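Just below is one structure, and these are the notes that go with it.
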Amino acid sequence: MKTNILMVCLGNICRSPLAEGILQDKLNAASFYVDSAGTGGYHIGNPPDIRSIAVAKKHGIAISNQKCRQFKKEDFSKFEYIYVMDAKNYQNIIALATNQEEKLKVKLLLSELNLDNDEVPDPYWDDNGFEHVFQLIDSACTRIAEKLNSK
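Read in order, the letters of the sequence shown correspond to residues 1 to 151 in UniProt numbering.
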């Protein structure tokens with residue numbers, strides 16, 4: 001049986017598609033399923049932002065076939081781990097949880113790194129921020145993959 005992991009940001013076009021692609025690249029697809037979603041429904045059905053696609057491609061990761069979707073309450077039952085990019089989206093996901101078990105599945109992605117700031121900045125308004133965001137997500141996904149692969 002596969003372990004299911006969900007990456008979440010606001011629109012599911014910048015950060016969470018990168019996190020989905022990066023973590024997929026670090027895990028065995030036979031044992032793990034990684035997906036992404038947004039708390040907002042602004043871009044449902046669209047591919048990721050071209051800048052996320054470009055920075056992922058630069059690092060050998062293909063994310064252009066992903067399609068944006070919105071987080072659904074049913075995701076709590078489908079996914080064992082739900083990683084959120086920032087505090088606002090964390091609060092939005094926690095607000096949808098109906099019990100403590102669901103709440104315990106949700107973590108800030110960068111909490112895996114024990115940094116002073118555990119939020120992945122939204123690069124949408126900063127063309128130069130995509131590489132920095134990629135590096136932050138990559139570091140956190142490396143830590144997650146190490147933990148999951150050792151189980």
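Glycine residues also receive a C-beta, built at the ideal position from the N, C-alpha and C atoms. In this text, all values refer to a predicted model and were calculated from it rather than measured experimentally.
- Look at residue 118 here: in three-state DSSP terms it is coil, with no helix or strand label.
- Between residue 12 and residue 68, the C-beta spacing is below 8 Å.
- Residue 86 holds the alpha-carbon nearest to the alpha-carbon of residue 14 among 78, 118, 76 and 86.
- The three-state reading of DSSP puts residue 27 in coil, since its state is none of H, G, I, E or B.
- DSSP assignment within the UniProt domain "Phosphotyrosine protein phosphatase I" (3 to 147) yields the following whole alpha helix (DSSP H) runs of 4 residues or more, N-terminal first: 15 to 26, 50 to 58, 75 to 78, 87 to 96 and 100 to 104.
- Between residue 64 and residue 50, the alpha-carbon positions lie close to 8 Å from each other.
- Residue burial annotation: residue 21 is buried, with at least 16 other C-beta atoms found within 10 angstroms of its C-beta.
- A contact is defined here as three or more CB-CB pairs under 8 Å, and the region 87 to 106 fails this definition with respect to the region 41 to 59.
- In chain order, 16, 36, 37, 38, 39, 71, 82, 83, 84, 85, 89 and 93 place their CB closer than 8 Å to the CB of residue 8, counting only its own chain and leaving out the 5 sequence neighbours on each side.
- The C-alpha of residue 137 is placed about 8 Å away from the C-alpha of residue 109.
- Exclusion of the five residues before and after residue 3 leaves 32 and 80 as the residues of its chain whose Cβ lies within less than 6 Å of its Cβ.
- By the CB criterion at 8 Å, residue 6 and residue 144 fall outside the cutoff.
- Each residue's CA atom was taken as its position, placing residue 122 and residue 46 some 18 Å apart.
- Excluding five sequence positions before and after residue 142, the CB atoms of its chain that fall closer than 7 Å to its own CB belong to 26, given in chain order.
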